[in-house]
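Residue numbers (our numbering), protein chains in the order written: chain G, 12 to 94; chain A, 962 to 1315; chain P, 962 to 1315; chain F, 89 to 487; chain Z, 89 to 487.
Read through the structure below, which is laid out as structure tokens, and then see the notes.
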């Protein structure tokens, strides 16, 4: 049964939140793979994963970050940022 | 109504009329003098190009000056090259001398065509980069000042492409240059055990090390990493994924020089640059040891190579022993490869010069 | 009074008088006809050599026949070459034809000089070897019968060195031959769990595997090993250290063909032979698929190469696509290297023929 | 604004080569950020040390690339460059501009940033060098309104770039400007929203001279070539000879395929053996030209050393009529197939070239559905360590 | 003796090439072992399978090499070759023989073995093919009394071999026959008593044509070369040209150093760039010869694929006046130093070339006390992953 984009985005948001608690960073590709693993091939495809990520970012719940590779994280103050 | 994903402007709107008219219909070209080309179209149209050196780091003030020149002589069009030069295209031969005069006067000399040294492709260095092992613009300025005669004259055996990257990340992908200037660290990363776990993911750091020199460890009760120093070759890949492992050091940072690479498929196949000088300490503002080593390489090549022979092609013909002999550069254990494909770099033949 | 460690006889006692006299004083040589050389010394002395093919596997009966010839025409001296030929050296030109006649009559034809195919260096095969994936002498005989015209005539662009090894151990070090014939297994080792632990040291077996495909395991309560089949490439190194892991198989054993290697430093540097045909099943007694594939290679090379161009030099000039096209050999995934230096074997250039 | 003494940098205003110090000073006249940059850079010259921290989070809303966050580690002393972020702006194909467009860009940048640029960055983008976090959205808004968009950064498709091609080069074997534009437009999402294991670069060169270093720098390197004979004008050959070109030594002896003959009068080319290296054409552009049956070679996998060592791209498609829309679409399908396989199996920070080395070229080809052909290799394997695979027919027979 | 039908093998008596089947049959007439071998081989041809077991223990008293144990796995059916061991007998340098010596060898072998030989084995030895365990000591006794000794096998120094050299070749740049003999005699203990991690081979070639494949097969490859100019006789060059040698295409164009010029009359060589490849000399041996300042290149590390892949030897000493006794002694000292390091650090079945690859050439040179020089490499490293080592002075300064 296909999931809605919102459901997938919610799932991904939860993954990002949990990962961040243990200082772990997830890549967009990781999130899609996790979603497919959780909901099965018939629940999510790669395109839906992509749309869910777009939704996450446009809603402001997640931001892209870069440390030698691009990740999705909860918005937070930059460690290196100057006030 | 936020505009996104529109991509770049359509280049067709930015093409000068002569280019639009003769698009894909060019017949041949000639180099009229250093920095000046003429392209002749099947239609008989002639398009003159004046190529001007640029410092790459350009102020809007200078860009606006370029637009003035382009408005005056080039119908309001101009272009840049893949090596940071600015080019003025005109169908009027008379404009060539005028563009040349005005640009030179402003400080952007004309040259860089044919068997010459053109602008150096380079990175940001201390101007902007967090991982630089040297400056970029300053080294480039010092080197090009020294080699200027090879920019505005065409007196070399072939073209010579110089590039600079201020650390091993090689944003400037210098690895296929006739001469590559590469910023290099030679001090181990200093691990900020206090903050490492806050800033970075430990398994990620371990995985980043090409020689597996970094292992998870608990230091003062905090999760952190330890470094097996003998396995570290200062690549700074760990720093790239984790800012809590800086390597930069005023004494241990410096420049390595590499030689004999090429990208073009003409004559020989593309090849990587090879190590010539492993380390020269940073010596701003003019890095005299760097400029003189580069001049040495250019001069021995210019004296000994045959026409059309790129630096690396010349060395391939006469052999690396000759290169080290003529330049006087010291050969050491560091020159002998010990990475993945090391074995193939040994001299596995009895073809030898004496 | 047991005699040991005396080493070989001093060669000086075995040198013919003309050789002793002109030792180190040879001036030049000429090839008078296929298999016949003359060496001229500074003294003006001329020494004729008659080179005769041999099956390498020689009975004392035949050796004694050679000694008769040598006694008759060569003052009681003879020599063998690094490729199993037997050579008769004489200062009398008149003896050349006589030696040739008698040897040919006996069954050892004369040839193998200059741009020709000389005797095949090979291993023992089914005649004597415990790890052979094919026979050696039989394949060699079939191939040389087929290529005989290239032994006793000199009509090739250059010399062509063929070698055979009956398994990957390559006792015959065939890896730098113009054409290499290599016995090859394609079945997994059959583990004799019953006896393995009695015959072999388990850690040794694990360590012997270049791809780490063999792990210690307990089978039916006995210490033994298990094989990760996907990681096995049938090298038989495990069998070499442990007889309880045989691979030989009537259907899965066969021959692979390799091409373009050379040892000499003339013109191009020495090079390895490269895979041409991955697998041909054993088809005794005459291995017709092997002989015809080899003839095909020799013929396309002979037709297309320039004078003095060895097989590998010709292929390097015209490219491997041409080789596969002209021979009609199938190109497959198996031809693409996936061992250590695989990356360097990809075509990393835009120099391409169409 | 503070006045900085810059004796070190002043040294670099001397000499014939254009001075970046002059440029920073020009910008500093108009802009306090550039003025503080001058001071900080002088300090770096004295200390032989950079003073920048990496900032991994800044960007414009909804995009994951195009902005490089940067902060000085001495914000108290150089407060104007406490933030000093970079924007990458997608250049037009071939770096052609109208003066009007450039003036618009300068105007935006003078109002919102340091007034310093790179024309251009190594990947090809216009680089706006130094602005504050708060300015990012306003700049982005004005840029898109002016018809410009951000380029790539991070683990995304990087801004594609191309040589001048048919715009001003008689050697262009396909329309580099157009195909670069097409790819850029087709993959806007991949460019702005990083979803790959690492960067993914396209470069388009019109001929094997490879003026944009595609073979050294791009994951997908598209290099022009041709199939038929080199076009030759013997009269022009003669003229070159008369004008001092040593055709024998400079042309014939330099041919890597040894496929030329010259008798002092006529030049002969054995086009069957020609490798399309461009050397003879480069020496005598008036006499020799690429043939008419033109297209491109697609090569894959180039990268700089980090992490697993530098690679040059290797041949994937030896000839593609890339100007043909249908063949171009097929090519795009293959590109997407490769992306999928790489995204599925690639490790973090593993470029596609490294990925291919790890899994093996043969396995990679199988995964993306491309037949192995000898054009893809410099030479077949020289080791006998073959993973034999029965073909399917044989396997069935055995059952 | 049994009479075997051998229809398969009989096929291999036909054809122009000398037949090994004829040889086995000749031996079988005199010898029951060879007769059973014939039967067993026919069976292998039918079954497409070998029938030999490895026997690793047999040998002569006090030696660890020189005998290869072999047993058939069908002893009931072929009882005469239940044992069928091989002996390796150290050949004289250059494979020169008196007929008297050969007759002595044949006599010993006919009385104690199968009467079958290889003239010679791949490594260079005389191979006596097939005898019983009980015969080994009697054979060894008679051989040594006749002045012959066993060759190497197992993890020892293998029997050195050399080209014909000054015995009959104008290109010999040093005395291959003598130095091969010297090394063999000097290291008798290393040859007969295996004490190394794996095999250790020497091959001596008098010039870069390398007729004994030293560079491909020997751990220590000694290849003749010269330092001064190629000796040239212009009159003979002319004669070659008159007799149809295409000097331009066949000689000049094939020179890898591009160091020759030919104007249709005189040949010029830029000896400074000459690589001593031998090609021009090979083509015109009457006109061109190696110079007078002769010696050898010492290269190290060649091997066949097992275990870590095939290797060619690489340059260790670019020029050694090996005919000079003092330089030869120094060379032997270095050989022993290398043995020591390899024995100390090498793994089981690791050839010295693999060992060098594993520890790094630079570290190996350091360990054996040889200065690194550019002659040792084809090219310097192309990756920036340098393990910097401060030199000692600098380290002291830092303390």
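We treat Cβ as the ideally placed atom computed from N, Cα and C, and that holds for glycine.
How many whole angstroms separate the CB atoms of residue i and residue j, which I take to be in contact at a CB cut-off of 8 Å?
{"i": "residue 1089 of chain A", "j": "residue 140 of chain F", "result": "6 Å"}
{"i": "residue 1099 of chain P", "j": "residue 1126 of chain P", "result": "With a Cβ gap of about 14 Å, residue 1099 of chain P and residue 1126 of chain P do not count as contacting."}
{"i": "residue 1298 of chain P", "j": "residue 469 of chain F", "result": "4 Å"}
{"i": "residue 1156 of chain P", "j": "residue 1205 of chain P", "result": "5 Å"}
{"i": "residue 1213 of chain A", "j": "residue 1148 of chain A", "result": "4 Å"}
{"i": "residue 1105 of chain A", "j": "residue 473 of chain Z", "result": "No, residue 1105 of chain A and residue 473 of chain Z are not in contact; Cβ-Cβ is about 29 Å, not under 8 Å."}
{"i": "residue 431 of chain F", "j": "residue 285 of chain F", "result": "6 Å"}
In terms of DSSP beta bridges, what is residue i paired with?
{"i": "residue 245 of chain Z", "result": "Z/288"}
{"i": "residue 163 of chain Z", "result": "Its beta-bridge partners do not exist; DSSP assigns none."}
{"i": "residue 1111 of chain P", "result": "Residue 1111 of chain P is not bridged to any residue."}
{"i": "residue 461 of chain Z", "result": "Looking at the DSSP assignment, residue 461 of chain Z forms no beta bridge with any residue, so it has no partner."}
{"i": "residue 293 of chain F", "result": "F/311"}
{"i": "residue 188 of chain F", "result": "None, per the DSSP bridge assignment."}
{"i": "residue 1049 of chain A", "result": "A/1011"}
Tell me where the alpha helix (DSSP H) around residue i begins and ends.
{"i": "residue 1198 of chain P", "result": "1198-1202"}
{"i": "residue 226 of chain F", "result": "224-233"}
{"i": "residue 1060 of chain A", "result": "1054-1067"}
{"i": "residue 120 of chain Z", "result": "120-135"}
{"i": "residue 1158 of chain A", "result": "1154-1160"}
{"i": "residue 147 of chain F", "result": "Run containing residue 147 of chain F: none; DSSP gives neither H nor E here."}
{"i": "residue 63 of chain F", "result": "Given that chain F is displayed from residue 89 to residue 487, the structure contains no residue 63 of chain F and the question cannot be resolved."}
{"i": "residue 305 of chain Z", "result": "302-305"}
Would you give the residue range spanned by the beta strand (DSSP E) that residue i belongs to?
{"i": "residue 1238 of chain P", "result": "1235-1242"}
{"i": "residue 1176 of chain A", "result": "1175-1180"}
{"i": "residue 1186 of chain P", "result": "1183-1188"}
{"i": "residue 175 of chain F", "result": "174-177"}
{"i": "residue 206 of chain F", "result": "204-207"}
{"i": "residue 313 of chain Z", "result": "308-314"}
{"i": "residue 141 of chain Z", "result": "140-143"}
{"i": "residue 76 of chain G", "result": "74-77"}
The region 59-72 of chain G: positions lying closer than 9 Å to chain A by Cβ: none
Within 8 Å of chain P by C-beta, residues of the region 392-409 of chain F in sequence order: 399, 400, 401, 402, 403, 406 and 407
With 7 Å as the limit, tell me which residues of the region 132-149 of chain Z have their beta carbon closer than that to any beta carbon of chain P; keep them in chain order. 132, 133, 135, 136, 137, 138, 140, 141 and 142
Alpha helix (DSSP H) segments (min. 4 residues) lying fully within the region 249-275 of chain Z: 264-274
Residue ranges of each alpha helix (DSSP H) run of no fewer than 4 residues wholly in the region 378-452 of chain Z, ordered along the chain? 413-433 and 440-447
Residues of the region 1271-1299 of chain A whose Cβ lies closer than 7 Å to any Cβ of chain Z, in chain order: 1278, 1279, 1281, 1282, 1285, 1292, 1293, 1294, 1295, 1296, 1297, 1298 and 1299
At a Cβ cut of 7 Å, what residues of the region 432-459 of chain F count as close to chain G, listed as they run along the chain? 436 and 437
Where in the region 971-1036 of chain A do unbroken runs of the alpha helix (DSSP H), each at least 4 residues long, occur, reported from the N-terminal end onward? 978-982 and 1021-1034
Note down, one range per segment and in chain order, each alpha helix (DSSP H) of at least 4 residues found wholly within the region 339-376 of chain F. 367-371
Closer than 9 Å, Cβ to any Cβ of chain F: which residues of the region 1215-1239 of chain P, in chain order? 1217, 1219, 1220, 1221, 1222, 1232, 1233, 1234, 1235, 1236, 1237 and 1239
If the cut-off is 8 Å on Cβ atoms, which residues from the region 326-346 of chain Z count as contacting chain F, listed in chain order? 341 and 346
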